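Engineer: Next up is a structure, given as structure tokens.
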Amino acid sequence: MNSDNRKMKEIIATAYHPTLAAAAQQGNLFNLHSACPSTGRHSQVKQILNNPLSYASLLTFIDQADYNSVPTDIKDQIEDIKRTNAIHVITVNLQLNERVRRELEGLMGKTAMRLKEKEVELQQKVAENAELERVMMHYRTEVERLQMTVRCLEQVVNVQARLGLQEGTATSQCSETGKEDEQIFMAVRLDCRNCKREMATVMLWPCRHVCLCRRCDADLRVMFCPVCCLLKNGSLEVFLPPSEY
Numbered sequence: 001m002n003s004d005n006r007k008m009k010e011i012i013a014t015a016y017h018p019t020l021a022a023a024a025q026q027g028n029l030f031n032l033h034s035a036c037p038s039t040g041r042h043s044q045v046k047q048i049l050n051n052p053l054s055y056a057s058l059l060t061f062i063d064q065a066d067y068n069s070v071p072t073d074i075k076d077q078i079e080d081i082k083r084t085n086a087i088h089v090i091t092v093n094l095q096l097n098e099r100v101r102r103e104l105e106g107l108m109g110k111t112a113m114r115l116k117e118k119e120v121e122l123q124q125k126v127a128e129n130a131e132l133e134r135v136m137m138h139y140r141t142e143v144e145r146l147q148m149t150v151r152c153l154e155q156v157v158n159v160q161a162r163l164g165l166q167e168g169t170a171t172s173q174c175s176e177t178g179k180e181d182e183q184i185f186m187a188v189r190l191d192c193r194n195c196k197r198e199m200a201t202v203m204l205w206p207c208r209h210v211c212l213c214r215r216c217d218a219d220l221r222v223m224f225c226p227v228c229c230l231l232k233n234g235s236l237e238v239f240l241p242p243s244e245y
């Protein structure tokens, strides 16, 4: 280390030798064979002046004891280099911080946009589920209403069937009582409840009312029983004995 310091001192002393300064003013800084007594030192000075990195490395090897003996202009250059390095470090840090900030802002913007899209999709799914629940409740209510209607119609059909059976029995009893003395038995004529012209010979299902003729039963427009207005799903022709008048 001491040999390196002595070598640096010699190089600095050579660099500021009056003869070298005069040669530098004449533009012959790198042609100092006659002015410099030592060719080795001259090559070292030339190398330092031509290579800024070597010049900076030379400054780093100067310790505090040697720094006091360094000329003022070199001290100023050292301070300028330090300030330049400090400014460069600050500038690089600011640029890196700005770049990181921009990248973070971009990532946050993309993340916020993605979250907004997912929120919109979630709201759509919630609305669809609510609509499906509403439709399901509507159909459930409709099914309950239809079931209640069917039960009511079944009760009506049962009541009408019982009433029809009672009326038929009473009519038969009255006919037999009124004509008992004459000993005349006549068949009951049932007219078609639709056309009022032909005799009713068709029993409808499921209400079992004999109230249509063959022609009206074949008519597609007659879909309900003319007696109880129940939708017919089948029919059966009934053969009655001929009427006697």
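FYI, full-length UniProt numbering numbers position 27 of the sequence shown as 27, with every residue one higher than the one before it. We put the CB at the ideal spot given by N, CA and C, even for glycine. Because the structure is a prediction, the values reported are computed rather than measured.
Could you check what DSSP says for L204 in three-state terms: helix, strand or coil?
Structural biologist: For the purposes of this step, residue 204 is taken as the residue at position 204 of the sequence shown. Strand, per DSSP.
Engineer: If you run the structure through DSSP and keep just helix, strand and coil, what is M148?
Structural biologist: The residue you call residue 148 lines up with position 148 of the sequence shown. DSSP places M148 in helix when its eight states are reduced to three.
Engineer: Is the separation between the beta-carbon of A200 and that of C211 shorter than 8 Å?
Structural biologist: Reading the sequence shown from its first residue, position 200 is the one you call residue 200. Reading the sequence shown from its first residue, position 211 is the one you call residue 211. The answer is yes: Cβ separation under 8 Å.
Engineer: Using only alpha-carbon positions, find the residue among E98, H209, P226 that is nearest to A161.
Structural biologist: As a first step, residue 161 must be located in the sequence shown, where it is residue number 161. Of E98, H209, P226, the residue nearest in Cα terms is H209.
Engineer: Could you check whether C195 and C213 sit closer than 8 Å to each other, using their CB atoms as the reference points?
Structural biologist: Residue numbering aside, residue 213 sits at position 213 when the sequence shown is read from its first letter. Residue numbering aside, residue 195 sits at position 195 when the sequence shown is read from its first letter. Yes. Within cutoff.
Engineer: Could you please give me the residues that DSSP links to V210 through a beta bridge?
Structural biologist: Taking the sequence shown and counting its residues from 1, the one referred to as residue 210 is at position 210. Answer is M203.
Engineer: Between the Cα of A218 and those of L190, L204, K110, L230, spot the shortest distance and give me the residue it belongs to.
Structural biologist: Your numbering for residue 218 matches position 218 in the sequence shown. Here the closest residue by C-alpha is L204.
Engineer: Assuming contact is defined by CB atoms lying nearer than 8 Å, are L231 and M223 in contact in what I supplied?
Structural biologist: Residue numbering aside, residue 231 sits at position 231 when the sequence shown is read from its first letter. Residue numbering aside, residue 223 sits at position 223 when the sequence shown is read from its first letter. Yes, the Cβ-Cβ distance between L231 and M223 is below 8 Å.
Engineer: Can you tell me the Cα-Cα spacing of V143 and T149, whole angstroms?
Structural biologist: By one-based count along the sequence shown, residue 143 stands at place 143. By one-based count along the sequence shown, residue 149 stands at place 149. Cα-Cα distance, rounded: 10 Å.
Engineer: Between M136 and C216, what straight-line distance do the alpha-carbon atoms span, to the nearest angstrom?
Structural biologist: Locating residue 136 in the sequence shown gives position 136, where the first residue counts as 1. Locating residue 216 in the sequence shown gives position 216, where the first residue counts as 1. Cα to Cα, the separation comes out at about 41 Å.
Engineer: Comparing alpha-carbon positions, which option in F239, V238, D191 lies nearest V227?
Structural biologist: Locating residue 227 in the sequence shown gives position 227, counting from the first residue. Ranking F239, V238, D191 by Cα distance to V227 puts D191 first.
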